[in-house]
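Heads up, the thing below is written out as structure tokens.
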Amino acid sequence: MFSHIMVGSNDIERSKRFYDAVLGVLGAPAPFRDKNATGHTRLFYRHEGNTFAVAEPINNEPATFANGGTIGFKCNSPEQVKAFHDVAVANGGVSIENPPGLREGALGALYLAYVRDPDGNKLCALYRPKPKTA
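Using our numbering, you'd call the opening residue of the sequence shown number 4 and step up by one each time.
This is the structure in structure tokens:
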């Protein structure tokens with residue numbers, strides 16, 4: 004359904020340090036760095052057929068986060084959820100909501116962790132265990 008997700012940054016080098024560390028937990032390599040025609044820098048992280056990008060706003064206005072928006076990153080284990088959270092906090096992110104861990108709800112059991120990146124974007128690390136079969 005999606006071709007990519009892009010967030011804005013007010014400090015592209017700070018964002019690069021943050022996302023290099025956080026997305027590295029998920030196995031994403033260093034980003035492709037691009038300057039568009041207006042001279043603004045964009046970082047493209049490509050991993051498992053997906054693209055996550057960070058960009059300086061081309062309208063030269065401050066980057067702001069989406070109120071009510073969350074960007075979810077798929078993890079392979081509860082340990083990876085925790086590592087995502089801990090690396091995010093160690094690199095300038097802020098832990099929000101409940102501590103990383105198991106949540107039971109209408110969608111079943113999920114391991115979740117929520118953080119805000121240095122520009123305030125809300126990120127979620129999510130692992131969905133496979134349903135147990137009888």
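Just so it is clear, CB atoms sit at the ideal spot from N, CA and C, and this is done for glycine as well.
Here F68 is not near G111, since their CB atoms are 8 Å or more apart. Between the beta-carbon of V57 and that of I15 there is about 7 Å, and that keeps the pair under the 8 Å contact cut. Per DSSP, reduced to three states, the secondary structure at G104 is strand. Annotated as proximal: G95 and R17, with beta-carbon spacing under 8 Å. DSSP places L26 inside the alpha helix (DSSP H), whose first and last residues are I15 to V28. With a 10 Å radius around the Cβ and a threshold of 16 neighbouring Cβ atoms, P34 comes out buried.
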